[in-house]
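Q: Encoded as C-alpha cells, here's the structure I'll be asking about.
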Amino acid sequence: MNKPRTAIALVLALAVAVAQQHACSLASAAAGPRVIVVGAGMSGISAGKRLSEAGITDLLILEATDHIGGRMHKQNFAGINVEVGANWVEGVNGEKMNPIWPIVNSTLKLRNFRSDFDYLAQNVYKEDGGVYDEAYVQKRIERSDEVEDSGEKLSATLHPSGRDDLSILSMQRLNNHQPNGPSSPVDMVLDYFKYDYEFAEPPRVTSLQSTVPLATFSDFGDDVYFVADQRGYESVVYHLAGQYLKTDKSGNITDPRLQLNKVVREISYSRSGVTVKTEDSSVYQADYVIVSASVGVLQTDLIQFKPQLPTWKILAIYEFDMAVYTKIFVKFPKKFWPEGKGREFFLYASGRRGYYGVWQEFEKQYPGANVLLVTVTDDESRRIEQQSDNQTKAEIVEVLRSMFPGEDVPDATDILVPRWWSNRFYKGTFSNWPIGVNRYEYDQLRAPVGRVYFTGEHTSEHYNGYVHGAYLAGIDSADILINCAQKKLCKYQVQGKYD
Numbered sequence: 001m002n003k004p005r006t007a008i009a010l011v012l013a014l015a016v017a018v019a020q021q022h023a024c025s026l027a028s029a030a031a032g033p034r035v036i037v038v039g040a041g042m043s044g045i046s047a048g049k050r051l052s053e054a055g056i057t058d059l060l061i062l063e064a065t066d067h068i069g070g071r072m073h074k075q076n077f078a079g080i081n082v083e084v085g086a087n088w089v090e091g092v093n094g095e096k097m098n099p100i101w102p103i104v105n106s107t108l109k110l111r112n113f114r115s116d117f118d119y120l121a122q123n124v125y126k127e128d129g130g131v132y133d134e135a136y137v138q139k140r141i142e143r144s145d146e147v148e149d150s151g152e153k154l155s156a157t158l159h160p161s162g163r164d165d166l167s168i169l170s171m172q173r174l175n176n177h178q179p180n181g182p183s184s185p186v187d188m189v190l191d192y193f194k195y196d197y198e199f200a201e202p203p204r205v206t207s208l209q210s211t212v213p214l215a216t217f218s219d220f221g222d223d224v225y226f227v228a229d230q231r232g233y234e235s236v237v238y239h240l241a242g243q244y245l246k247t248d249k250s251g252n253i254t255d256p257r258l259q260l261n262k263v264v265r266e267i268s269y270s271r272s273g274v275t276v277k278t279e280d281s282s283v284y285q286a287d288y289v290i291v292s293a294s295v296g297v298l299q300t301d302l303i304q305f306k307p308q309l310p311t312w313k314i315l316a317i318y319e320f321d322m323a324v325y326t327k328i329f330v331k332f333p334k335k336f337w338p339e340g341k342g343r344e345f346f347l348y349a350s351g352r353r354g355y356y357g358v359w360q361e362f363e364k365q366y367p368g369a370n371v372l373l374v375t376v377t378d379d380e381s382r383r384i385e386q387q388s389d390n391q392t393k394a395e396i397v398e399v400l401r402s403m404f405p406g407e408d409v410p411d412a413t414d415i416l417v418p419r420w421w422s423n424r425f426y427k428g429t430f431s432n433w434p435i436g437v438n439r440y441e442y443d444q445l446r447a448p449v450g451r452v453y454f455t456g457e458h459t460s461e462h463y464n465g466y467v468h469g470a471y472l473a474g475i476d477s478a479d480i481l482i483n484c485a486q487k488k489l490c491k492y493q494v495q496g497k498y499d
C-alpha cells in the first residue's frame, strides 16, 4: 500500500527541487537582488537582518499593522504595559544558550522573573471552594510525570520520519488513562497545565513524537523567565531591526525600507521575479519574496498567490495547526488572593476541562496593580472571543467567588481579552505540531516555491511555537534564499516521506 504514496512523494520532492533550480538559473547575476519581506514580526525582522549581513540590502519590509513585533506585542492595561502575546523566554539555564536570553537579560536588561511552578500541589482549587489536599495533588502530579516519562521512552523508539507517530492522548491511554485520558477534575487541570498551557491544544491532537521530549527544554534548559518590562518584550524585535534599519535618536525606525499599514493581498511569481500588491492598491516588484505570515493566515484567503501554490504546498500548510492561546488580564479594586512564596500560579479544577483553569498573580511583576492573569486556549478561546468582555468578566468573577468562598470578591473593574483568532492578520497565536504531520510535511511547509520563500515560527523544525523558533527560522529561511541568490545553490531537498 505504501509504494504508490512513496512514488508520489519522490515525484513531489523532485518537482520542488527542479522548480527551484529552474527559477534560480534565470536569476540575475547581480550581487544585490531586491527582496520583499512580508511581515515585520520576529521572523521577518530576523530574516531581513540575515539578508543584510550577507550584503542583500535592497530590502522592502511590508507590515500589515501599525507596528513591528507581530505576536510579541505590549498593550497598556490599567496603567501598566502587559504582554498580550509572547511573554516568556522559554528554555534557560541548560547546556546550550537560548539565543533570545542574552538579548533579554544582558543586552537590553529587560525586567524578567523566573517562573516557579514547584508549589502547584498547594494551589489547586476545588470547584466549590478551598484547595485540594496537597499530598493528594502531589500524587496525581507524580502519576502524570510517570506517564510522560513513559511517553518519552516510547517516543524515542519511533521511526525518525514520523510515520509511526501517535497523539499524546493515545500514549496516555497506553498508560492506563482509559478511555479519554485524565478525567477527574484534578487530573484534568494538571493535564491541561502540562500540555494545553504549553501547546494551546489538547493531547488528543498533539503529536507525541514532535513534542515529547520538547527540544526547547532538552536543548536550552527547563527554566522559563517571564518578561515584565514596561518597554515590552517586543523591544527585542526593535533591537534586531535597529541593527540594519535606520532609526532616529529615540530609537524609532525611520528607514523607508520598512512600510507599516501595508496589507499584502496578492503575490504573483514567475521565473523572472515577483510582484506584490497591497490593499491600498500599491504594487511592488522584486526578485524574491519571503512570506513570514503565520500559518493561520496562510490557511485563509488574505494573501492570494498567482499562480496558485502547488498542491503539495497547500496541503502542507493546511495540515499544520494554528493554535489559540488567550491571556486574559483582569483588574480588581483590591486583592483577595493569596500572595507570597509559592503562590504565583494556581489552578482551578473545574469539571469542564479548560474552563478558566490556569491563573497567575503579579505580586512581583506588577506590584500594587491588583491584576490577575487567567489563560484559556483552543475552543474556550474561540468561544470567549465571540462574546462580550462583560460576559467574560462575569464568568471570571463567578469562578473566583467559587474558588474563594470565604473572601469578599469584588466585581472586576477592567478586563483585557486579546482576540488573536478573530484578527485576520494572525488567526491564532502560534503553531502546534499535530498528529499525522511528519518531517516530510514539515520540509514542504518550509520549502520555497520558485522565488517565493517562507518563514515563521511554524517553519522552525525543532522550536515551532516559540520566540526563539521564530528568530532562528528567519535566519534559516534567509540562508536558503542567500544560497540561491548568491551561490546559485538553489536545490531545496525534500526527502521522501518515509526516508
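Using the numbering used here, you'd call the opening residue of the sequence shown number 1 and step up by one each time.
Here a beta-carbon is modelled for each residue, glycine too, at the ideal position from N, C-alpha and C.
Because the structure is a prediction, the values reported are computed rather than measured.
#1: Between the Cα of L120 and those of N175, H67, K194, spot the shortest distance and give me the residue it belongs to.
#2: Check this for me: beta carbons of E83 and G232, under 9 angstroms apart or not?
#3: If we count the other Cβ atoms within 10 Å of its Cβ and call it buried at 16 or more, is F346 buried or exposed?
#4: Using C-beta distances below 8 angstroms, list every residue in its chain close to L258, excluding the 5 sequence neighbours before and after it, in chain order.
#5: Can you list the alpha helix (DSSP H) stretches of 4 or more residues lying completely in the region 284-333, in chain order?
#6: T157: buried (16+ other C-beta within 10 angstroms of its C-beta) or exposed?
#7: Taking its Cβ as the centre, do 16 or more other Cβ atoms sit within 10 Å of V358, making it buried, or is it exposed?
#8: Are V205 and I435 close, meaning C-beta to C-beta below 9 angstroms?
#9: Under 8 angstroms: do the region 320-330 and the region 422-439 share three or more Cβ pairs, one atom per stretch?
#10: Considering only their Cβ atoms, is the gap separating L190 from I253 smaller than 9 angstroms?
#11: Could you check whether the region 180-189 touches the region 468-477, counting it as contact only if at least three pairs of C-beta atoms, one from each stretch, sit closer than 8 angstroms?
#12: Between which two residues does the beta strand (DSSP E) containing Y348 stretch?
#13: Check the C-beta distance from Y197 over to V297 and give it rounded, since I have them as a contact under 8 angstroms.
#14: Just tell me which of A286, A316, R265 has its CA closest to the CA of T278.
#15: On a Cα-Cα basis, can you pick out the residue from F217, Q387, E457, N370 that is closest to K96?
#16: Kindly indicate the opening and closing residues of the beta strand (DSSP E) around Y453.
#17: Once you ignore the five residues that flank W421 on each side, which residues in its own chain have a CB closer than 7 angstroms to its CB?
#18: Under 7 angstroms Cβ to Cβ from N98, same chain only, skipping five residues before and after it: list those, please.
#19: Between A478 and G48, is the Cβ-Cβ spacing less than 9 angstroms?
#20: Quick one, which of M72, K74, V452 has its alpha-carbon nearest V276's?
#21: Would you give the residue range spanned by the alpha helix (DSSP H) that L472 belongs to?
#22: Using the Cβ count rule (16 or more neighbours within 10 Å means buried), how would you classify N261?
#23: Closer than 6 angstroms by C-beta to F199: which residues in its own chain qualify, once you throw out the five before and the five after it? Chain order, please.
#24: Let me confirm a value: T311 is counted as buried when at least 16 other C-beta atoms fall within 10 Å, else exposed. Which label applies?
#25: Taking the Cβ atom as the reference point for each residue, do G474 and S52 lie within a distance shorter than 9 angstroms?
#26: Is G69 helix, strand or coil by DSSP?
#27: Would the region 398-411 and the region 172-182 be scored as touching if the rule is three or more Cβ pairs under 8 angstroms?
#28: Who does N432 pair with in a DSSP beta bridge?
#29: Counting only runs that start and end within the region 229-282, where is the alpha helix (DSSP H) found for 4 or more residues in a row?
#30: Out of I303, T247, Q285, V236, point me to the one whose CA is closest to V263's CA.
#31: Taking all protein chains shown into account, do 16 or more other C-beta atoms lie within 10 angstroms of the C-beta of S28, making it buried, or fewer, making it exposed?
#32: I'd like the list of long-range same chain contacts for K487, defined as Cβ closer than 6 angstroms, with 5 residues on each side in sequence excluded.
#33: Is M72 near V237, with beta carbons less than 9 angstroms apart?
#34: When the distance is taken between beta carbons, is L110 closer than 9 angstroms to D229?
#35: Could you pull the DSSP bridge partners for R114 from this structure?
#36: Buried or exposed for H159, please, with buried defined as at least 16 other CB atoms from any protein chain shown within 10 angstroms of its CB.
A: The relevant details are as follows:
#1: Residue 120 sits at position 120 when you count from the first residue of the sequence shown. Checking every option, the nearest Cα to that of L120 belongs to K194.
#2: Taking the sequence shown and counting its residues from 1, one reaches residue 83 at position 83. Taking the sequence shown and counting its residues from 1, one reaches residue 232 at position 232. G232 is positioned such that its CB atom lies closer than 9 angstroms to that of E83.
#3: In the sequence shown, residue 346 corresponds to position 346, counting from 1. The Cβ neighbour count for F346, taken over all protein chains shown within 10 Å, is at least 16; the residue is labelled buried.
#4: As a working note, residue 258 is residue 258 in the sequence shown. If you ignore the 5 residues before and after L258, its C-beta comes within less than 8 angstroms of the C-beta of A40, I61, E63, I68, A241, L245, all in its own chain and listed in chain order.
#5: Whole alpha helix (DSSP H) segments, 4+ residues: 295-298, 311-319.
#6: In the sequence shown, the residue the question calls residue 157 occupies position 157. Counting Cβ neighbours within 10 Å, T157 comes out exposed, since fewer than 16 surround it.
#7: Sequence index remark: in the sequence shown, residue 358 carries index 358 (1-based). V358 is buried by the Cβ-count criterion.
#8: For the purposes of this step, residue 205 is taken as the residue at position 205 of the sequence shown. For the purposes of this step, residue 435 is taken as the residue at position 435 of the sequence shown. Remark: C-beta atoms of V205 and I435 approach each other more closely than 9 angstroms.
#9: Contact between the region 320-330 and the region 422-439 is present, because at least three Cβ pairs lie under 8 angstroms.
#10: Counting from one through the sequence shown, the residue named residue 253 turns up at place 253. Counting from one through the sequence shown, the residue named residue 190 turns up at place 190. Taking 9 angstroms as the cut-off, the beta carbon of I253 is found no closer than this to the beta carbon of L190.
#11: Too few Cβ pairs lie closer than 8 angstroms, so no.
#12: Position 348 of the sequence shown holds residue 348. Annotation: the continuous beta strand (DSSP E) that includes Y348 extends over 345-348.
#13: The residue labelled residue 197 in the question sits at position 197 within the sequence shown. The residue labelled residue 297 in the question sits at position 297 within the sequence shown. So it is not a contact: roughly 24 angstroms between Cβ atoms.
#14: As a position in the sequence shown, residue 278 is number 278, starting the count at 1. Minimum Cα distance to T278 is reached at R265.
#15: The residue you call residue 96 lines up with position 96 of the sequence shown. Residue F217 is the option with its Cα nearest to K96.
#16: Numbered from its first residue, the sequence shown carries residue 453 at position 453. In the DSSP assignment, Y453 falls within the unbroken beta strand (DSSP E) covering 452-454.
#17: Counted from its first residue, the sequence shown places residue 421 at position 421. So the list reads V324, S381, R382, E385, K427, G428, once near-sequence residues are dropped.
#18: By one-based count along the sequence shown, residue 98 stands at place 98. If we look at N98 and ignore the five residues flanking it on each side, its Cβ neighbours are V89, G91, V92, F220, H468.
#19: On the sequence shown, residue 478 is found 478 positions in, with the first residue counted as 1. On the sequence shown, residue 48 is found 48 positions in, with the first residue counted as 1. In terms of Cβ geometry, A478 and G48 form a close pair [threshold 9 angstroms].
#20: For the purposes of this step, residue 276 is taken as the residue at position 276 of the sequence shown. V276 has its Cα closest to that of V452, out of M72, K74, V452.
#21: Counting from one through the sequence shown, the residue named residue 472 turns up at place 472. DSSP places L472 in the uninterrupted alpha helix (DSSP H) bounded by 467-487.
#22: The residue you call residue 261 lines up with position 261 of the sequence shown. Burial call: exposed.
#23: As a working note, residue 199 is residue 199 in the sequence shown. The residues are T206, N432.
#24: As a working note, residue 311 is residue 311 in the sequence shown. Exposed, by the Cβ-count rule.
#25: As a first step, residue 474 is located in the sequence shown; it is residue number 474 there, counting from the start. As a first step, residue 52 is located in the sequence shown; it is residue number 52 there, counting from the start. Not closer than 9 angstroms, so no.
#26: In the sequence shown, the residue the question calls residue 69 occupies position 69. In the three-state DSSP reduction, G69 falls in the strand class (E or B).
#27: Contact between the region 398-411 and the region 172-182 is absent, because fewer than three Cβ pairs lie under 8 angstroms.
#28: Start at 1 with the first residue of the sequence shown, and residue 432 comes out as number 432. In DSSP, N432 forms a bridge with D321.
#29: For the region 229-282, whole alpha helix (DSSP H) runs of length 4 or above, ordered along the chain, are 235-241.
#30: Here residue 263 refers to the residue found at position 263 when the sequence shown is read from its first residue. When each option's Cα is compared against that of V263, the closest is I303.
#31: Residue 28 sits at position 28 when you count from the first residue of the sequence shown. Because the pLDDT of S28 is 38, which lies under 50, any placement of that residue in the model is unreliable, and the question is left without a value.
#32: Here residue 487 refers to the residue found at position 487 when the sequence shown is read from its first residue. Excluding positions up to five away in sequence, the list is empty.
#33: What you label residue 72 is simply residue 72 of the sequence shown in a count that begins at 1. What you label residue 237 is simply residue 237 of the sequence shown in a count that begins at 1. Yes. Within cutoff.
#34: Your numbering for residue 229 matches position 229 in the sequence shown. Your numbering for residue 110 matches position 110 in the sequence shown. In contact: D229 and L110 (Cβ atoms closer than 9 angstroms).
#35: Counting from one through the sequence shown, the residue named residue 114 turns up at place 114. Answer by DSSP bridge pairing, in chain order: Y225.
#36: Counting from one through the sequence shown, the residue named residue 159 turns up at place 159. Classification of H159: exposed, given that the 10 Å Cβ count is below 16.
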